[in-house]
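Student:
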């Protein structure tokens, strides 16, 4: 049983906590939060032991009538692994805390790659975090996760000569009341490349990839306009078949009548997904096209949730508790990852292409 | 003096009428409109002779207290050229009307290329409309115009091996109250390529170009994420210098503090541009990047106005009233095209690269 603490209980932290609770081989020791807001209240209601992330602010919880199980040091001390889900840059500051208690930690994509021993994507480089020397790993950002899941099978099957991606990014999450833009389309960053390409290179050091970013007035999901020049030219069917095998890639069926991110989220909520989460890359089947050596497709990425299965796998990887196949299969099974199954009539659970053999 | 009629007085028609009025070598015979709405009222107030586009609906104008100069047939009969600015598909139906009076006509980009004898972009193929046999020409759409203006100098100077463009399109114009999306990012079309690539090929038959389209909740301008693999690899400075020479390309200066389409439009209004129009492609200078053989840049296109200078030039081309250099120079001078000048301290007027020689 892996004892897991979650430090930071916002958009990512609360989802990681729920996902950890769903794994029979893990125990959620508790969650830490800085302020007694509505999310803290919900954590307590769910029965999650709640710890004060900033000990000096413990009183604020008591004043709000929220019981604390202790302070952050207690949580770190009891955990085999802490998943740090604090805002970008805070993770780096927390590293010393985890070192103090000799507790392994996972950071999120907002931290710099050089804060950790390894950058992690379950599909692409699971084993990078299994080495005993790796005490700190980083689950790469939502966009980098989405790109890594796509590039891994494409590179294995056809060879990626060059990838060129335009990321059309949501301005903020649905609950971010202070972010924009409203009625604008902004190059963001205006310089090329955006940070995403170099970030993908922390997973695939040799991949030739250029990324550019744009920000638009939407909150639900990102959209990637993907172009990949391939070494071997497949047919559209070859690409569809390849991607169909991956449980964390959802090929939006032509018959589904799903035109955009709004309908994707509506579909997720209709299926009963917690918080309407879409853990899978959502790739429009109709968009998959081959023009000469160039593959094109559109994929939408749910920025709030696609990294959740990866965090669960990273917990097993950094504790060397399971190999890639075991872990991804367990994570997918326990969470219910794999939307393709609903439309195809067959539930598929485990998926990485190189793991499809019987053993 | 070229006698010009404008059929259709909406977003494009009203701008074409104003632009024609600003040309000393043209006379605006009048404008035709289907309904006596606020735009019709404004036309009359400006002193434009107003014609009923649908004769059976003439009474509606009288009932609204708006005087008509006549009916559409009168306008067509008196005109050397009619600029048809009616909604997509209506132009095709009007073609027979123009044939009846042996009047040449220009259509907009919403009409199919096979409705006309030539598809037109002033910078790229002005002479295509000068042939006496060309009685009907089509000024290509806002996006195709924007792409043609950019591809022409790039192809001449460096050779375009392949262009790959993601068009991040505004959902509707600012006055389109019934269009969406709200808070969504939609592949549009979901299939690849979008119609824009083939449309660019009506101007450059041999250009290797793939385009994909996305629709977002914004109204002000389109944004193009441009990738061009070039035959000869230039430096960033080479590209900047090349594009700087073109009056209809505005290199948004790094110092301008313009981050997106909202600030571009604000800037246009501050400079006193009519309706805040941006006739030029707005290319973010900072975005111009060369990675290997690949050029990247972002450009914004004002969908309501970038085709206006092209319509003016097309009038001269289809009546063989001026050559490319004369016409573009006159159009730019009379309208005030060329924003680069303001920042550079020097007013530049005429720009196509191959026309820079003294004569």
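Residue numbers (the working numbering), protein chains in the order written: chain A, 18 to 376; chain B, 18 to 376. Just so you know, even glycine gets a beta-carbon here, dropped at the ideal spot from N, CA and C.
Taking 7 Å as the CB-CB limit, is residue 313/A close to chain B?
Tutor: It does; some Cβ of chain B falls within 7 Å.
Student: Which of the three DSSP states, helix, strand or coil, is assigned to residue 375/A?
Tutor: Reliability fails at residue 375/A, whose pLDDT of 39 lies under 50, so the model's placement of it is uncertain and the value that follows must be treated cautiously. Note: residue 375/A maps to coil in three-state DSSP.
Student: Taking the alpha-carbon of residue 318/A as reference, which of 330/A, 334/A and 265/A has the nearest alpha-carbon?
Tutor: Measuring from the Cα of residue 318/A, the nearest candidate turns out to be 265/A.
Student: Which term fits residue 152/B, buried or exposed, when burial requires 16 or more other beta carbons within 10 angstroms of its beta carbon?
Tutor: By the 10 Å Cβ count, residue 152/B comes out buried.
Student: Terminal residues of the continuous alpha helix (DSSP H) containing residue 168/B?
Tutor: Per DSSP, residue 168/B belongs to the alpha helix (DSSP H) from 159-175.
Student: Return the residue from the list 280/B, 183/B and 117/B that minimises the CA-CA distance to residue 229/B.
Tutor: Residue 229/B has its Cα closest to that of 183/B, out of 280/B, 183/B and 117/B.
Student: Starting from residue 202/B, find everything on chain A with Cβ-Cβ shorter than 8 Å and list it in chain order.
Tutor: Within 8 Å Cβ-Cβ: 185, 187, 233, 235, 237, 238, 239, 240, 277, 278 and 317.
Student: Would residue 181/B count as contacting chain A if we go by Cβ distances under 7 Å?
Tutor: At least one chain A Cβ lies under 7 Å of residue 181/B.
Student: My understanding is that residue 315/A touches residue 301/A, with C-beta atoms under 8 Å, so please give their C-beta distance in whole angstroms.
Tutor: That pair is a contact at about 5 Å.
Student: Residue 121/A and residue 325/A - do their beta-carbons sit closer together than 7 Å?
Tutor: In this structure, residue 121/A does not lie closer than 7 Å to residue 325/A by Cβ.
Student: Beta carbons nearer than 7 Å to chain B: which residues of the segment 275-309 of chain A have them?
Tutor: Listed by position, the residues of the segment 275-309 of chain A near chain B (Cβ gap below 7 Å) are 276, 277, 278, 279, 301, 303, 304, 306 and 308.
Student: Pull up the distance between the alpha-carbon of residue 251/B and that of residue 125/B, whole angstroms please.
Tutor: Taking the straight line joining both Cα atoms gives about 35 Å.
Student: Taking CB distances under 7 Å as the criterion, tell me whether residue 218/A reaches chain B.
Tutor: It does not; no Cβ of chain B falls within 7 Å.
Student: For a contact meaning CB atoms closer than 8 Å, what does residue 227/B contact in chain A?
Tutor: Within chain A, the residues near residue 227/B are 244, 308, 311 and 313.
Student: Using a cut-off of 8 Å between C-beta atoms, extract the partners of residue 208/B located in chain A.
Tutor: Simply 303, 304 and 306.
Student: Would you mind reading off the limits of the alpha helix (DSSP H) that contains residue 36/B?
Tutor: It spans 28-38 - the alpha helix (DSSP H) in which residue 36/B sits, taken as one unbroken run.
Student: With H, G and I counted as helix, E and B as strand and the rest as coil, what does DSSP make of residue 202/B?
Tutor: Coil.
Student: In chain order, what are the residue ranges of uninterrupted beta strand (DSSP E) at least 3 long that sit wholly in the segment 251-321 of chain B?
Tutor: Correct list: 266-269, 298-301, 306-308 and 311-318.
Student: Give a yes or no on contact between the segment 261-279 of chain A and the segment 193-206 of chain B, applying the rule of three or more CB pairs nearer than 8 Å.
Tutor: Yes: at least three Cβ pairs fall under 8 Å.
Student: Would you give the residue range spanned by the alpha helix (DSSP H) that residue 107/A belongs to?
Tutor: Note, residue 107/A: alpha helix (DSSP H), 107-117.
Student: Hey, would you say residue 24/A sits closer than 7 Å to residue 99/A, going by beta carbons?
Tutor: Yes.
Student: I need the straight-line Cα distance from residue 287/B to residue 57/A, nearest angstrom please.
Tutor: One C-alpha to the other measures close to 48 Å.
Student: Using a C-beta to C-beta distance shorter than 8 Å, which residues of chain B count as neighbours of residue 251/A?
Tutor: Here the premise fails: no neighbours, minimum Cβ distance about 15 Å.
Student: Between 225/A, 140/A and 133/A, which has its C-alpha nearest residue 178/A's C-alpha?
Tutor: Selected option, being the one with the closest Cα: 225/A.
Student: Apart from the five residues just before and just after residue 338/B, which ones in its own chain have a Cβ nearer than 8 Å to its Cβ?
Tutor: Closer than 8 Å at Cβ, skipping near neighbours: 19, 42, 332 and 344.
Student: Please report the straight-line C-alpha distance between residue 171/A and residue 158/B, rounded to a whole angstrom.
Tutor: The alpha-carbon atoms of residue 171/A and residue 158/B are separated by roughly 36 Å.
Student: Would you identify the three-state DSSP class for residue 212/B, choosing helix, strand or coil?
Tutor: Three-state DSSP puts residue 212/B in coil, outside helix and strand.
Student: Tell me the DSSP secondary structure of residue 54/A in three-state form.
Tutor: Note: residue 54/A maps to coil in three-state DSSP.
Student: By the three-class DSSP mapping on this structure, what secondary structure does residue 233/A have?
Tutor: DSSP places residue 233/A in strand when its eight states are reduced to three.
Student: Can you grab the Cα-Cα spacing for the pair residue 215/A / residue 221/A, in whole Å?
Tutor: Between residue 215/A and residue 221/A, the C-alpha separation is close to 9 Å.
Student: In the DSSP assignment, find the beta strand (DSSP E) that holds residue 124/A and state where it starts and stops.
Tutor: Looking at the DSSP string, the run of the beta strand (DSSP E) that includes residue 124/A is 121-124.
Student: Pull out every residue of the segment 59-74 of chain B whose Cβ sits closer than 9 Å to any Cβ of chain A, in chain order.
Tutor: Correct list: empty, as no residue qualifies.
Student: For residue 91/A, report the span of its beta strand (DSSP E) as first-last.
Tutor: That residue, residue 91/A, is in no beta strand (DSSP E); its alpha helix (DSSP H) goes 89-95.
Student: Alpha carbons only, please: which of 75/B, 48/B, 74/B and 52/B is nearest the one belonging to residue 63/B?
Tutor: Cα-wise, what sits closest to residue 63/B is 48/B.
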